[in-house]
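Read through the structure below, which is laid out as structure tokens, and then see the notes.
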Amino acid sequence: MKRRLATVTAAALAVVAACGGGDDSADPIDGDPGDCTVIDMAVSSEKIALLVDLAEEFNGGSTARTDDGCFFVRPYSKASGGAAQLIADGWPDPDINGARPVIWSPAASGWGGIANQRAGRAVAPAGTPFMLSPLVIAMPQPMAEALGWPDEPIGFGDIVELATNPQGWASVGHPEWGPFRLGKTNPNYSTSGLNFTIAQYYAATGKSGGLTVEDLARPDAVQFGHDVESAVVHYGDITMTFLNNWFATDVRGTSLTYASAVAVEEKSVIDYNRGDPDGVLSPGEVPRPPRIPLVAIYPEEGTLYSDSPFIVLDAEWVTPEQKAGAALFETFVQRPENQAKVLEYGFRPNNPNVALADPISAEFGVDPNQPQAELEVPADDVLVRILDTWAEQRKDARVLLVLDVSGSMGELAGDRATKLDLAKEAAISALGDFKDTDEVGLWAFTTDMYGDDPNYTELVAVAPIGGNQRQLEAAIDAQFPLNGTPLYDVAGKAYDAMLESYDPTKINAVVFLTDGVNDDGNPRDDEQAFTDLIGHLRAGSEGAQSRPVRMFTISYGDGADTVTLKAISQATSAAHYDASNPATINQVFTAVISNF
Amino acid sequence: MIWAKRLAAVVVAAGLIVAAVLVRSNVIDGDDGGSRSSGREATALICLTELKALCDAVAAAQPGVTVRIQSAAATAAAWNTATEQPDAVWLTVGPFPELVEAERARRRLQPLTITSTTVGASQLVVAVPTGDKVAALAAACGTTLRWACIGDAAGKPWSDLDSPAQGTVRPAFAPLNTAVGQLSVTQAILGYFGDRPIDAGDPGFISWVRRSARAVPATSLSGGTPIATIQVRSSSLDVAVGFDAEIANAQRGQLSVLYAAPMTRVDLVLAAPGGVNTSGRLADAVRTAAATHGWGATATGTVLTADQVAQAAQLWSELT
Chain A
1 MKRRLATVTA AALAVVAACG GGDDSADPID GDPGDCTVID MAVSSEKIAL LVDLAEEFNG
61 GSTARTDDGC FFVRPYSKAS GGAAQLIADG WPDPDINGAR PVIWSPAASG WGGIANQRAG
121 RAVAPAGTPF MLSPLVIAMP QPMAEALGWP DEPIGFGDIV ELATNPQGWA SVGHPEWGPF
181 RLGKTNPNYS TSGLNFTIAQ YYAATGKSGG LTVEDLARPD AVQFGHDVES AVVHYGDITM
241 TFLNNWFATD VRGTSLTYAS AVAVEEKSVI DYNRGDPDGV LSPGEVPRPP RIPLVAIYPE
301 EGTLYSDSPF IVLDAEWVTP EQKAGAALFE TFVQRPENQA KVLEYGFRPN NPNVALADPI
361 SAEFGVDPNQ PQAELEVPAD DVLVRILDTW AEQRKDARVL LVLDVSGSMG ELAGDRATKL
421 DLAKEAAISA LGDFKDTDEV GLWAFTTDMY GDDPNYTELV AVAPIGGNQR QLEAAIDAQF
481 PLNGTPLYDV AGKAYDAMLE SYDPTKINAV VFLTDGVNDD GNPRDDEQAF TDLIGHLRAG
541 SEGAQSRPVR MFTISYGDGA DTVTLKAISQ ATSAAHYDAS NPATINQVFT AVISNF
Chain B
1 MIWAKRLAAV VVAAGLIVAA VLVRSNVIDG DDGGSRSSGR EATALICLTE LKALCDAVAA
61 AQPGVTVRIQ SAAATAAAWN TATEQPDAVW LTVGPFPELV EAERARRRLQ PLTITSTTVG
121 ASQLVVAVPT GDKVAALAAA CGTTLRWACI GDAAGKPWSD LDSPAQGTVR PAFAPLNTAV
181 GQLSVTQAIL GYFGDRPIDA GDPGFISWVR RSARAVPATS LSGGTPIATI QVRSSSLDVA
241 VGFDAEIANA QRGQLSVLYA APMTRVDLVL AAPGGVNTSG RLADAVRTAA ATHGWGATAT
301 GTVLTADQVA QAAQLWSELT
């Protein structure tokens, strides 16, 4: 039962939210296209704000009009890896996965090659890059200084050495920072995760180009990969999860013990230091510079670029008329005045007529004179092999699935299907996304349950899924809606159970799905119970010697207590996911499991 | 017989006038800047991809003209085999119109009777990021760079050139489907052999071509051409070959411009197939845009011939 990569990435991450911002969303642009030809554009999450800005200006201007009519560009956010697989699969279920795009701008050109390799034809022709951002290793400034920054060059090798040193930060005189904790996204979805994984192989082989499939199988390269992955905090589909968590812990003064380094694009360092960690300001959100800024480390061995290609898809759903409109928008985006806007958003323009300037500067933690060297993007077949290999090398996970079986889960959510029916189907499907050595267990919770505890039942103990998948499937399938929702009590107990059996060599986590608010029959103590719960979770999650158990929460349906669930995930530096539309639960489960 | 001589003189004079008018309409236009023949006025302009910014400016100034951007190879492929006269004007560089006519002749097709009007000029240059690498390259390969030396250094550590710079020497050529790519490799090959005739079987030459071509993968050229790329992403290559006109004013301080032998001038031309006129307004718009995009009126060096470009591009393609 290997990770079903194809299935995993086939699912779009339609409604992924990581504690706010940076999420995939269906249609963030305002305005009615009227009679204009609509051009949907799937873009990677880090540039959605910029593209919406540009599209709004384009849609209202003369550039969008020709003698034959007008065009209306509609960008929406889509993780690069998820889009690559959807394109290869013919973009099924637009209602759930988002509109079939005419234009695709993943974070890096490499995704186009992966889509074509999987599709077996050039459905994503080479696109012209329109802005750049190098992969960097973001570190809190005091930590970077402890490694010699800015005077000493720091490379991937240094990071790996520290990550695998049992003494962690104590080896460089900072025991108070605990072990070295690396943040890295899932390379199946995220460009920074993919680029960092490529860089790992280059560091392991001592090459800077010409990586081959044979190189990936070298024992030293495999061991190197395992060593790097062992230091990972958790994975996930977007870097914003890490940046938001870092920012939240910065508020409480504990950012140095959440993560030591995160592989991100340079633009993210700028956003973070501006006080906008996910690069998307919500209505009313005011930027607040962090107490401890991040700095960008440009690995001395070289790095890879995210080059934001502008790809007009050669797919059967794209009309010649739409292609013509897409070409107009591409020209618009490349104009010097719009390339200057690219710079405002923290990207490097791909137009030499726009000189680098703020915010690409030391004031924002980055260096316009770096990087000095680059690593070569591997061939398409090597890229696909890297993704396959990573699925085996990634850090093992111990995960407790906690499923709400309260009475409200019996409400209809579709044609004859209840919310619980859809959740059960999605949960069973998601089991296939784990690898054999991952350990998975299952609880169901509601009030007045049978067994030792009236609020929950352990249906399957946490154990390697290679041996208990059938048992898990049967147990999930057997559930039916019952009573109330003892949310606070069971969240705390699930956390404690995983903390008690904590394994430092694995990602320890709870996946907590509920459709309701706390309803344990005693509303008078709710406020205190909530305060106690968050305090308990924070106390266990912060500090140099903490044993982090991440609680990934899912708000299911429109009645879920999203505020509480966000607070729970934030208290454990994990992520919250929004499945307010029950039809998206499959995709949300896929996104949640991408953290492991 | 006097009347007969007078009549003959009048006829000759009239013939000269007609000839002069024909020559003027077919070749260069002075006052209004366009080309004139008995054909229709061009409403479409095909541009080299390397000239996109310039052509965007033309499009903005001439809203009635449809501008299409495509590679030199794409336009040449279409015109090489066209069975009807193209109805667009091609903004390209010499000697690509001549290459099209030569290829049509080889295919035994009617000539397109292209009229080329020079509207600007630039020069092939080698751009290197300002710093240690410039001095090392000039010291090793001459103040007017020798191509044999650059290719021999490709892929070797900069320390071999006595430079403290990190990494290897990475010269980059534009893809062969571009005009700048074909002109660059022609200059390099001519420079490699110098006064000697080109010897395609020379093993040293074959190795030199392969080293030069493989130092930077095409996927790293996110700007499309080496000079466009090195200006926005200097970490991806060290030695960029291309048109001087490609270097933006905003980047002049960041790059050092060197020259390689043979010094080569590149003419920007408006190529109109027979039967198509370039209006004075369009030609003026192109000239204005060219001047503001680095294509001045003067540049030094020799102009590469169609034969040289055809042979060199073919060789480079076969060897890489």
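Protein chains in written order, with this note's numbering: chain A, 1 to 596; chain B, 1 to 320. The beta carbon of each residue, even a glycine, is placed where N, CA and C say it ideally should be. Just so we're clear, the structure is a prediction, and the values are computed from it rather than from any experiment.
Could you have a look at residue i and say whether DSSP puts it in helix, strand or coil?
i, result
"A444 of chain A", "strand"
"T113 of chain B", "coil"
"F242 of chain A", "helix"
"T505 of chain A", "coil"
"S208 of chain A", "coil"
"F180 of chain A", "coil"
"E214 of chain A", "helix"
"L5 of chain A", "Low per-residue confidence applies at L5 of chain A: pLDDT is 38, beneath 50, and the placement is therefore not dependable, though the value from the model is reported in the following sentence. L5 of chain A: helix per DSSP, three-state reduction."
"I103 of chain A", "strand"
"D31 of chain B", "Interpretation of D31 of chain B is limited by its pLDDT of 39, a score under 50 that renders its predicted location unreliable; the figure taken from the coordinates is listed afterwards. Here D31 of chain B sits in coil by DSSP."
"E161 of chain A", "helix"
"C47 of chain B", "strand"
"D68 of chain A", "coil"
"V266 of chain B", "strand"
"I600 of chain A", "Given that chain A is displayed from residue 1 to residue 596, the structure contains no residue 600 of chain A and the question cannot be resolved."
"L356 of chain A", "coil"
"P175 of chain A", "helix"
"E411 of chain A", "coil"
Does the CB of residue i have a neighbour CB from chain A at under 8 Å?
i, result
"A248 of chain B", "yes"
"A228 of chain B", "yes"
"R265 of chain B", "no"
"S163 of chain B", "no"
"D132 of chain B", "no"
"G224 of chain B", "yes"
"V232 of chain B", "yes"
"S71 of chain B", "no"
"V23 of chain B", "For V23 of chain B, the predicted structure reports a pLDDT of 41, less than 50, and the residue's modelled location is therefore unreliable. A value from the coordinates is still provided. No, because no Cβ of chain A sits closer than 8 Å to the Cβ of V23 of chain B."
"Q182 of chain B", "no"
"Q123 of chain B", "no"
"Q187 of chain B", "no"
"Q251 of chain B", "yes"
So which residues on chain A does residue i lean against when the C-beta distance must stay under 8 Å?
i, result
"P217 of chain B", "G209, E376 and V377"
Taking residue i as the reference, which of the options has the closest Cα?
i, options, result
"V93 of chain B", "B:T143, B:T219, B:Q182 and B:G275", "B:Q182"
"W443 of chain A", "A:A426, A:A413, A:D404 and A:V213", "A:D404"
"Q334 of chain A", "A:P33, A:V38, A:A49 and A:A55", "A:A55"
"Q372 of chain A", "A:A362, A:E301 and A:Y235", "A:E301"
"A204 of chain A", "A:P293, A:F156, A:K424 and A:E266", "A:F156"
"R288 of chain A", "A:T63, A:V295 and A:P277", "A:P277"
"A127 of chain B", "B:V269, B:S234, B:A271 and B:D307", "B:S234"
"V134 of chain B", "B:V257, B:Q62, B:A213 and B:A306", "B:V257"
"G407 of chain A", "A:P336, A:D453 and A:Q479", "A:Q479"
Give me the chain B residues within the contact set of residue i, using Cβ-Cβ distance strictly less than 7 Å, ordered along the chain.
i, result
"A203 of chain A", "Within 7 Å Cβ-Cβ: nothing; A203 of chain A doesn't reach chain B, min ~15 Å."
At 7 Å on the CB atoms, spell out the chain A contacts of residue i, in chain order.
i, result
"D56 of chain B", "T331"
"S235 of chain B", "P371, Q372, A373 and E374"
"G167 of chain B", "A373"
Establish whether the CB of residue i and some CB of chain B are separated by less than 8 Å.
i, result
"N353 of chain A", "yes"
"D561 of chain A", "no"
"N338 of chain A", "no"
"Y305 of chain A", "yes"
"T128 of chain A", "yes"
"G22 of chain A", "Confidence at G22 of chain A is low in this model, with a pLDDT of 33, below 50, so the placement of that residue should be treated as unreliable; the coordinate-derived value is given next. No - not a single Cβ of chain B is within 8 Å of the one on G22 of chain A."
Along chain B, in chain order, which residues have C-beta atoms closer than 9 Å to that of residue i?
i, result
"S109 of chain A", "T219 and S222"
"L132 of chain A", "S222, V232 and R233"
Counting only Cβ pairs nearer than 8 Å, list the residues of chain B close to residue i.
i, result
"P349 of chain A", "V232"
Taking residue i as the query, report the chain A residues whose CB atoms sit under 9 Å from its CB, ordered along the chain.
i, result
"Q62 of chain B", "Going along chain A, no residue has its Cβ under 9 Å from Q62 of chain B, so there is no contact; the nearest lies around 15 Å."
"Q314 of chain B", "What Q314 of chain B touches in chain A: nothing, since even the nearest Cβ is about 24 Å away."
Mind pulling the beta strand (DSSP E) runs of 3 or more residues that sit fully within the region 193–242 of chain B? none
Extract the residue ranges of the beta strand (DSSP E) inside the region 240–297 of chain A, only unbroken runs of 3 or more that lie entirely within it. 261–265 and 294–297
Contiguous alpha helix (DSSP H) assignments of at least 4 residues, all confined to the region 435–504 of chain A: 465–477 and 487–500
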